[in-house]
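Below is one structure, written out as structure tokens, with a few remarks after it.
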Amino acid sequence: MFKLVVFYTSCIIWSAITLFFLLFTIYAKKDGEKRPFLRSLILLVLSLTILWVQIFLEGFYVQLFQCITLALFLLFALISAIPYRNRHTLKIYPSKERFDERDVMFARGEYRPGTKKYRIYYGELHPEKKEFDDRLRELPEPCEGGAFYDRLLSSICCSEFSFISKLLEYVDGGIEGDMVELTPEEFTEHIKWFTKYLGADLVGIAPVEERYFYSHVGRGPEEWGREIKVEHKYAISFAVEMDYMMLSHAPRIHTTVESAKKYVEVAVIAIILAEYIRRLGYSARAHISESNYQAILPPFAYLAGIGELGRLGYIITREFGPRVRLGLVTTNLPLITDKPISFGVQDMCSFCTKCADNCPAQAIPSGEKTVVRGVEKWQLDYEKCYYYWKKIGTDCGLCMYTCPYSRATNPLQNLLRRFSTLSHFARRFYLWWDDFFYGKYPRRII
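What follows is the structure in structure tokens.
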């Protein structure tokens with residue numbers, strides 16, 4: 001009886017393994033990824049052979065192998081299920097310090113010699129940044145030159161960003177009509193549905209915290225240097241998925257084409273959503289790129305339960321990893337807020353340094369976290385990052401592509417992402433798996 005149980009259990013385990021590698025091979029081929037495809041194909045043949053041997057051959061060594069299979073499977077399942085270090089959460093301390101939008105790299109790149117902004121910023125605010133920024137201005141603008149400039153594809157990016165710039169005046173407006181009266185629960189359910197209906201893949205609600213708003217206007221049509229006052233109580237944060245195949249071309253121009261496309265999508269969603277809320281009788285403002293942000297989007301995405309902040313400086317979601325673009329609408333519409341989530345990203349990023357190791361600008365720290373404006377995080381070197389962007393003429397995206405959480409959206413990768421949330425051991429295995437199939441320094445699809 002025992003032998004029969006071991007036989008059938010081992011056959012079921014290896015049948016599942018064979019099916020897994022069959023599907024993995026199919027998806028890898030579909031995604032055009034040569035290394036994962038070849039390695040999975042080899043393992044598929046191996047698992048099929050092992051399954052065939054167990055079914056058609058008998059003997060002591062076959063039975064011993066089946067016993068070992070069962071023992072290893074039970075051990076693996078047990079260790080993976082132990083939730084060791086599974087509540088390693090982001091640490092946030094009290095702080096009233098706010099970041100000045102005038103210090104954002106995109107804003108600094110717009111200060112031209114001889115202008116009032118240039119004189120004030122480098123003469124009064126930050127003379128220490130002048131030398132670096134002057135060197136930065138000698139490089140072509142993103143999408144207009146650089147090592148990976150391509151007239152056909154780069155023009156797509158310019159067109160997309162140009163379109164967004166025409167939307168800046170629509171981010172805010174007056175309230176129309178009397179207030180529609182519903183419970184916060186009803187408004188929350190409806191707003192989440194509508195946001196997803198407009199095209200968002202993920203949506204959450206966060207309380208507005210003043211510390212995550214810029215202190216002064218640095219870009220856009222509003223008065224430069226004006227102090228930003230926080231007037232809303234709630235933040236509707238949402239995310240749209242970026243296409244994995246486009247991102248796999250990183251750091252070439254394809255990644256910027258995809259980024260710009262998603263910025264267009266989140267801008268349109270945010271503007272329509274804010275307009276809709278104002279028509280319900282409540283104030284609302286969209287925060288979009290190119291640039292009419294008044295708030296920093298990742299902190300609100302974290303507070304809204306969209307994802308966790310990773311080593312690479314992006315929000316990492318359960319569903320898509322960092323492979324998303326964020327949108328934000330702030331409002332006084334009464335809503336029910338969500339809670340931040342923790343699914344192991346802080347633990348994973350503490351030992352995984354793939355983004356830092358693959359960063360050509362060496363802008364991502366490979367060491368420990370630091371406290372920045374009350375948040376304990378890995379602080380990106382924005383100057384190195386943006387300088388490299390301008391050199392190559394794209395927004396790079398290598399850190400996003402190499403992140404294990406970023407793999408293509410399909411049932412198997414979704415299962416692996418879910419598996420990594422179980423425990424510290426599961427995340428170690430997940431990183432080993434990613435290194436084995438995709439490499440520590442993944443080849444890009446060109």
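Going by the UniProt record's numbering, the first residue of the sequence shown is number 1, and it counts up by one from there.
By construction, the Cβ of each residue, glycine as well, lies at the ideal position given by its N, Cα and C atoms.
Given the structure is predicted, the values throughout are model-derived calculations rather than measurements.
Between the CA atoms of residue j and residue i - distance to the nearest angstrom
| i | j | result |
| --- | --- | --- |
| Tyr438 | Ser423 | 22 Å |
| residue 451 | Glu308 | Lying outside 1 to 446, the shown extent of the chain, residue 451 is not represented and no answer is given. |
| Thr49 | Asp435 | 25 Å |
| Asp381 | Leu152 | 31 Å |
| Ala274 | Thr69 | 57 Å |
| Asn414 | Thr421 | 11 Å |
| Lys390 | Pro251 | 12 Å |
| Phe419 | Phe65 | 26 Å |
| Leu412 | Glu376 | 33 Å |
| Ile175 | Glu97 | 31 Å |
| Ile164 | Asp395 | 17 Å |
| Ala16 | Tyr84 | 27 Å |
| Tyr170 | Ala267 | 10 Å |
| Gly310 | Gly220 | 28 Å |
| Leu333 | Ala206 | 12 Å |
| Arg428 | Tyr276 | 45 Å |
| Ile403 | Asp357 | It is Cys, not Ile, that sits at residue 403 in the sequence shown. Cys403 and Asp357: Cα-Cα distance of roughly 11 Å. |
| Ala148 | Glu141 | A small correction: the amino acid at residue 148 is Phe; Ala does not occupy that position in the sequence shown. Approximately 12 Å, taken between the alpha carbons. |
| Glu368 | Gln346 | 11 Å |
| Lys130 | Thr255 | 30 Å |
| Ser291 | Leu136 | 20 Å |
| Cys157 | Met242 | 15 Å |
| Thr188 | Ile306 | 15 Å |
| Asp134 | Asn410 | 45 Å |
| Phe106 | Phe76 | 48 Å |
Reference residue i; option with closest CA among the options
| i | options | result |
| --- | --- | --- |
| Lys9 | Phe24, Leu72, Leu22 and Pro299 | One detail in the question is off: residue 9 reads as Thr in this sequence, not Lys. For Thr9, the nearest C-alpha among the options comes from Leu72. |
| Cys349 | Gly321, Leu333, Ala361 and Tyr93 | Gly321 |
| Val324 | Ile82, Glu376, Leu280 and Lys261 | Lys261 |
| Val104 | Lys384, Ala408 and Phe429 | Lys384 |
| Ala304 | Gly310, Asn292, Leu23 and Thr317 | Thr317 |
| Thr183 | Trp433, Leu335 and Ile315 | Leu335 |
| Tyr430 | Pro360, Cys352, Pro127 and Thr337 | Cys352 |
| Ile92 | Ala426, Tyr401 and Val372 | Val372 |
| Thr331 | Asp178, Tyr282 and Thr115 | Tyr282 |
| Ser47 | Leu57, Leu22, Glu58 and Gly59 | Leu22 |
| Phe425 | Ala81, Glu110 and Arg39 | Ala81 |
| Asp201 | Phe60, Glu319, Ser162 and Tyr293 | Glu319 |
| Glu185 | Lys3, Thr337, Gly344 and Gln379 | Thr337 |
| Phe56 | His88, Phe7, Arg35 and Arg39 | Phe7 |
| His88 | Ile341, Pro442 and Lys354 | Ile341 |
| Lys339 | Glu128, Gly59, Phe300 and Cys355 | Phe300 |
Whether residue i touches residue j by CB criterion (8 Å)
| i | j | result |
| --- | --- | --- |
| Gly397 | Pro94 | no |
| Leu326 | Ser406 | no |
| Leu312 | Ile364 | yes |
| Val180 | Leu74 | no |
| Ala408 | Tyr122 | no |
| Pro298 | Ile315 | yes |
| Leu416 | Trp433 | yes |
| Leu198 | Ile288 | no |
| Cys11 | Leu51 | yes |
| Gly173 | Arg278 | yes |
Residues near residue i by beta carbon distance below 7 Å, same chain, minus five either side
| i | result |
| --- | --- |
| His216 | Asp100, Glu101, Arg102, Gly225, Arg226, Glu227 and Ile228 |
| Glu223 | Val217 |
| Val230 | Val208, Glu210 and Phe213 |
| Arg112 | Tyr118 |
| Lys192 | Val203 |
| Val62 | Val53 and Gln54 |
Cutoff 8 Å; reference residue i; Cβ partners in own chain excluding five residues on either side
| i | result |
| --- | --- |
| Leu19 | none |
| Thr195 | Val203, Ile236, Phe238, Ile269 and Leu273 |
| Glu160 | Val257, Ala260, Lys261, Tyr263 and Val264 |
| Lys29 | Phe37 |
| Ile445 | Confidence is the limiting factor: at Ile445 the pLDDT is only 40, short of 50, which leaves the residue's position unreliable and the question unanswerable from this model. |
| Arg388 | Inspection of the sequence shows that residue 388 is occupied by Tyr rather than by Arg. Here the set comprises Pro360, Ala361, Ala363 and Cys396. |
| Ile253 | Cys143, Phe148, Tyr149, Asp150, Leu153, Ser154, Cys157, Gly393 and Thr394 |
| His232 | Val208, Ser283, Ala284, Arg285, Thr330, Thr331 and Asn332 |
Nonlocal neighbours in the same chain, by C-beta distance under 6 Å from residue i, ignoring five residues either side
| i | result |
| --- | --- |
| Glu78 | Before going on, a small fix: residue 78 reads as Leu here, not Glu. For Leu78, where only same-chain residues beyond five positions count, there are no Cβ hits under 6 Å. |
| Leu41 | Thr25 |
| Phe343 | Arg318 and Thr421 |
Interface flag, residue i vs chain D, CB-CB below 8 Å
| i | result |
| --- | --- |
| Ile82 | Any reference to chain D falls outside this structure, which holds one protein chain only. |
Residue i CB to nearest heavy atom of the ligand COA below 7 Å
| i | result |
| --- | --- |
| Pro251 | As far as ligands go, the structure on display features none, and thus does not contain the ligand COA. |
4 or more residues per run - each alpha helix (DSSP H) lying fully within the region 177-261: 184-197 and 244-247
Contained beta strand (DSSP E) runs [length at least 3] in the region 264-350, N- to C-terminal order: 284-287, 307-309, 315-317 and 324-331
Every unbroken alpha helix (DSSP H) inside the region 359-405 [4 residues or more]: Given a length threshold of 4 residues, each whole run of the alpha helix (DSSP H) inside the region 359-405 is given here in chain order: 382-392 and 398-402.
Those runs of the alpha helix (DSSP H) which lie wholly inside the region 28-59 and span at least 4 residues: 34-56, all fully within the region 28-59.
Minimum length 4: unbroken alpha helix (DSSP H) runs contained in the region 112-185: 116-120, 130-137 and 151-165
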